[in-house]
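Okay, so here's the structure we're looking at.
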Amino acid sequence: MKDKLQKIVRPADLIVVAAVLAVAAVLWAVLAHLTGTTAQIVCDGEVIATIDLSAVKEAYDVTLDNGVTVRVEPGAICFAASDCANLLCIHAGKLTRAGQSAACLPNKTLIRITGRDRRGPDALTG
Amino acid sequence: MNDKRRRLTRLTVTAMLAAAALAMSFFERLLTAGLPLPPGVKPGFSNIAVLFACAAVGLPCALFIVVIKAGFAFLTAGATAGFLSLCGGLLSVLTMFALLKLKRERLTYAGISVCSAVAHNIGQLGAASLLAGSALYLSWLPVLLVSGAVFGAVTGVILNVVMPALTNVRFLR
Amino acid sequence: MKKQTLRRAAALCCAALLLAGACSGCGRSFTERTAFAMGSVLTARIYAPEEQAEKLFGRITDGVNGVDRRISATNPDSPVYAANHTGSSNADAYTLNKLGDIVMVCNILNGTVDPTVGALTELWGFSSDTPRKPTDGEIQAALETVGLEKLLLDDVNGSIILSEGQKLDPGAFGKGIALDEAYLALHTATYSAVVTFGGSVLLFGAPKSGKSWTVGIRDPFKGENDSFATLSLTPDDDNYVGYLSTSGSYEKNFTENGVTYHHILSPETGYPVETDLVSVTVCAGGGLSSDALSTACFINGLNETTLRWLKSFGAEAVFVNKDKQYYITDGLKDCFTLNDDSFSPMDHEG
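Protein chains in written order, with our numbering: chain B, 1201 to 1326; chain L, 42 to 214; chain G, 21 to 370.
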């Protein structure tokens, strides 16, 4: 019975899985502590726009030369339209926290939220 | 078993495995079609074929399957998908090959599969970063590491269970 | 074999610890969505899985848009808009109920806030791109039309009837009413949420990280993301609901001929109320009441009447004056944490 188990799973296997999960957890915890309000639109490696999302009062669209439209809203940024085949970029939805990113790879366009904020209150009145 | 026959067998088996890998990819897509999974999270059943190829037939065979898979992705989902598949697959196979050579006695296919799945995801993330021309998809890493570990373990265990039944293993090498 | 087991156990323990550490940050996992409504930004943080949060957010925006369609003076579909343009209009039961609620609250507050100030606010144009100081004559004329007793809400025939020249402006109450609707959308589910709408806040349910909701009070002297103090509100149970509204003279003001006019008009004088206060933040059990109270308290100032109003609604408040002094009502004293030492407590004894 033990022999059979040895063939399916061995201690070293479990250590590998544990190690991968541990790394994932550390990365996740680090990322979870970053909350940000600065967004970037990156085209072909170049940052073509840096936007402070917390200063955005009205939603607006940024239309790029390559057929991609990015929507900037107070506190969020997302892909609104694209001429790419799979529209994965649009399905990525809205980005609202630091470390989040979405890309339209065929159009070589990436949007992401950078920056770091102290952990703020649940809400701000006024 | 003479050389000619062996090479023919190897060729046939490679073709079969490549077809099997594609079939598993297709089956996998049917399974996950409706589910809201983040990009890159896949059960990776076709890796069973790749890992088997690497272990039982040889590195060239495994590499061939990776190229076929990437070609399939290119034909169905476009150049970007093909490129990502190729990068992920290559890194995955190289990891498999290295681990099979080095740690054969300690690790079963489960552990190797986990490592290769993680390598596959990292390869894809790296390729995507390269294409977008920008830095890291940091936020996706934790998810992909976990899914790589989980699904890699599943496919690896499947191979562990199935391998003894494929008795011609030694015969093919 | 023992060594191997030990090492395996150690690795798993490390992983478990790290996961646990990561999960402690888990409590804060919410889905945040933003929408544009009634000329302001509505943000909801819903502590639910994304799918359910999306559904709830949809219901919230439906509710808010419904309020906009009924009582907004700027929405061409609303009976209020129609009444303002023609003197009267048909209105459905919902609209009349909401307007009736507004009138009732305003009566309790002795007409210090009043939805019939439409002619006056239109004159000043604070909501437009070109606010201006009207002449005394214009103000007097507009003041003639202001008065709750001149408004007729006919439940029987389902109509709003304004008196000559009278106009409705529910602007001081709109966000609060919208948040009341948001509450209706939320309380059918079990998820906690924080909804912010144009400066008003709705807290629903129990907070996920820790025991209290933390709400920052905007610093009247700095930018819109700066707070000078924080309120910690601790719910007794999962059904907790709390509303916060702030009225301040630091928003929507304009300067003409060297004089700065803020947007909180006194329904008696027709002019921006002259006061030492720069902001009043009210915490109450209803959206409409918190909105109405914050404006009324600002206009009436910090005095016995104001404090009595707050008590009668079971509400609490924080008053801030231009000398960076603050006054907190008793119920909030233990919840208040100052973040900025340049502020000091007022000497006032309520």
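Where is the CB? At the ideal position from N, CA and C, for every residue including glycine.
Please read these numbers as outputs of a predicted model, since none were measured by experiment.
Beta-carbon spacing of residue i, residue j below 8 angstroms
i         : j         : result
L/Val91   : L/Ala103  : yes
G/Asn110  : G/Ser179  : yes
G/Pro227  : G/Ile91   : no
G/Leu222  : G/Trp233  : no
G/Ala304  : G/Val133  : no
G/Ala73   : G/Ile66   : yes
B/Val1217 : L/Ala190  : yes
B/Phe1279 : B/Val1268 : yes
G/Val235  : G/Ser299  : no
G/Leu322  : G/His282  : no
G/Gly219  : B/Thr1250 : no
B/Leu1227 : L/Ala169  : no
G/Leu76   : G/Leu206  : yes
G/Gln345  : G/Phe318  : no
G/Ala335  : G/Val302  : yes
G/Thr63   : B/Gly1293 : no
G/Glu276  : G/Arg152  : yes
B/Val1209 : L/Ala151  : yes
G/Gly351  : G/Ile197  : no
Residue i at chain G interface by Cβ criterion, 8 angstroms
i         : result
B/Ala1323 : yes
B/Gly1275 : yes
B/Gly1326 : yes
B/Gly1236 : Its pLDDT being 47, under 50, B/Gly1236 is placed unreliably by the model, and nothing is read from it.
Endpoints, beta strand (DSSP E) assigned at residue i
i         : result
B/Gln1240 : 1238-1243
G/Glu201  : Note, G/Glu201: premise wrong, no beta strand (DSSP E); alpha helix (DSSP H) at 191-206.
B/Cys1284 : Note, B/Cys1284: premise wrong, no beta strand (DSSP E); not H, not E.
G/Gly185  : Unbroken run through G/Gly185: none, as it is neither H nor E.
G/Leu223  : 220-224
G/Glu336  : 336-341
G/Ala213  : 213-217
G/Asn95   : It is not in any beta strand (DSSP E) - G/Asn95 carries neither H nor E in the DSSP assignment.
Residue-level contact to chain B via CB, residue i, 8 angstroms cutoff
i        : result
L/Cys95  : no
L/Arg147 : yes
L/Asn88  : no
G/Leu322 : no
G/Gly262 : no
G/Gly120 : no
G/Ser269 : no
G/Ser179 : no
G/Thr250 : yes
G/Arg328 : no
L/Gly99  : no
G/Arg89  : no
L/Gly189 : yes
Proximity test, Cβ basis, 8 angstroms: residue i and chain L
i         : result
B/Leu1227 : yes
B/Ala1285 : yes
B/Leu1205 : no
Within chain G, partners of residue i - CB distance below 7 angstroms
i         : result
B/Thr1296 : Glu52
Cross-chain neighbours of residue i in chain L, by beta carbon under 8 angstroms
i         : result
B/Lys1257 : Per Cβ cutoff of 8 angstroms: no residues; B/Lys1257 is ~27 angstroms from chain L at best.
Within chain B, partners of residue i - CB distance below 8 angstroms
i        : result
L/Val198 : Ile1208, Val1209
G/Pro227 : Asp1322
G/Val235 : Pro1321, Asp1322, Ala1323, Leu1324, Thr1325
L/Ala194 : Asp1213, Val1217
L/Leu182 : Ala1224, Leu1227
G/Thr266 : Thr1325, Gly1326
G/Arg238 : Leu1324, Thr1325, Gly1326
L/Leu186 : Val1220, Leu1221, Val1223, Ala1224, Leu1227
L/Val108 : Those do not exist, as L/Val108 stays about 21 angstroms from chain B at its closest Cβ, beyond 8 angstroms.
Interface residues of chain B facing residue i [CB-CB closer than 9 angstroms]
i        : result
L/Cys156 : Val1216, Val1220
G/Ser299 : Gly1326
G/Ser247 : Gly1320, Pro1321, Leu1324, Thr1325, Gly1326
Chain L residues whose Cβ lies nearer than 7 angstroms to that of residue i
i         : result
B/Ala1212 : Arg147, Leu148, Gly152
Contact set between residue i and chain B, taken where Cβ atoms lie within less than 7 angstroms
i        : result
L/Val202 : Ile1208
L/Val159 : Val1220
Residue range of the unbroken alpha helix (DSSP H) whose run includes residue i
i        : result
G/Cys303 : No alpha helix (DSSP H) holds G/Cys303; the beta strand (DSSP E) holding it covers 297-304.
G/Ile284 : Element bounds for G/Ile284: n/a, residue is neither H nor E.
Residue i Cβ short of 7 angstroms to the ligand ATP heavy atom set
i        : result
G/Asp257 : Here there are no bound small molecules, and the ligand ATP is not part of this structure.
C-beta neighbour in chain D for residue i, strict 8 angstroms
i       : result
G/Tyr67 : Here the protein chains are B, L and G, and chain D is not one of them.
* Asked: Name the residues in the segment 1214-1225 of chain B whose C-beta lies less than 7 angstroms from a C-beta of chain L; which are they?
  -> Val1216, Val1217, Val1220, Leu1221, Val1223, Ala1224
* Select from the segment 198-225 of chain G all residues with a C-beta closer than 9 angstroms to any C-beta belonging to chain B, and list them in chain order. => Val214, Val215, Thr216, Gly219, Ser220, Val221, Leu222, Leu223
* Asked: Quick one, which residues of the segment 62-86 of chain G are near chain B if we go by CB-CB under 9 angstroms, in chain order?
  -> Flagged, chain order: Thr63, Arg65, Glu70.
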